[in-house]
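Residue numbers (the working numbering): 3 to 198. A virtual CB, placed ideally from N, CA and C, is assigned to each residue, including glycine. Remember, predicted model here, so these are calculated numbers, not experimental data. Okay, structure first, notes after.
As structure tokens, then:
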């Protein structure tokens, strides 16, 4: 019989069609290093196109980084139900189309349905929104998701930690995202103020 301490924490990761698929892939790699976490992945069709274009990676290769994988059209998947307990969900990157669907409760695929379930069950939902400049509709949709309890986290790089590469910037951003779920490691650069 499993004790509570031996049960893995379940975590939903979605990759949509915005530029920045490196965030979703790196997030999966970071979570894979944690034996206490079980990942559940959904990739949109546009997300698959961007994976190939930006990273030269197939959907099958991305799927191999997750513990469980679902088709974006599989509305009957376990993660579509509130009875599927998990720590929360991260959409990385999150397109403006997906943001709009979440903001308006438009559950037309497994990503938007899972996000809706995450919100209604009062679990953490983090959207790494990727777009610039923002128009008023984008801003209003972000406000709506925030009012519903979601967290809008544009992947804006930090420079106080003196990043030496794109991987450094992406990794620091995602470690900050994971910190929102109380998941930390020694690689996170923490601001300690300026000494002089």
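Excluding the 5 residues flanking it on each side, residue 179 has same chain C-beta neighbours closer than 8 Å at 29, 92, 94, 128, 130 and 155, in chain order.
Taking all protein chains in view, the Cβ of residue 158 is surrounded by fewer than 16 other Cβ atoms within 10 Å, so the residue is classified as exposed. When the five nearest sequence neighbours on each side are left out, the beta carbons in the same chain lying within less than 6 Å of the beta carbon of residue 71 are those of 43 and 65, in order along the chain. By the C-beta density criterion, residue 184 is exposed, having fewer than 16 other C-beta atoms within 10 angstroms.
Nearest to residue 83 by C-alpha distance, out of 117, 59, 104 and 57, is 117. Bridge pairing for residue 72: 44 [DSSP]. In this structure, residue 152 sits away from residue 97, with a CB-CB distance that is not shorter than 8 Å. Counting other Cβ atoms within 10 Å of its Cβ, residue 124 stays below 16 and is therefore classed as exposed. If you ignore the 5 residues before and after residue 143, its C-beta comes within less than 6 Å of the C-beta of 101, 102 and 105, all in its own chain and listed in chain order. Put simply, of 121, 12 and 164 the residue whose alpha carbon is nearest the alpha carbon of residue 149 is 121.
Taking 3 residues as the shortest admissible run, the segment 111-151 contains the following complete beta strand (DSSP E) segments, listed from N- to C-terminal end: 126-131.
Residue 45 and residue 197 have their C-alpha atoms some 44 Å from each other.
Exposure of residue 166 is indicated by the presence of fewer than 16 other C-beta atoms within 10 angstroms of its C-beta.
Here residue 56 is not near residue 87, since their CB atoms are 8 Å or more apart. Per DSSP, residue 12 is not a residue of any alpha helix (DSSP H); the beta strand (DSSP E) it occupies stretches across 11-17.
Minimum Cα-Cα distance from residue 21 among the listed residues 32, 53 and 11 corresponds to 53. In this chain, the beta strand (DSSP E) harbouring residue 93 covers 90-96. With a beta-carbon spacing of about 15 Å, residue 39 and residue 26 fall beyond the 8 Å limit used to define contacts.
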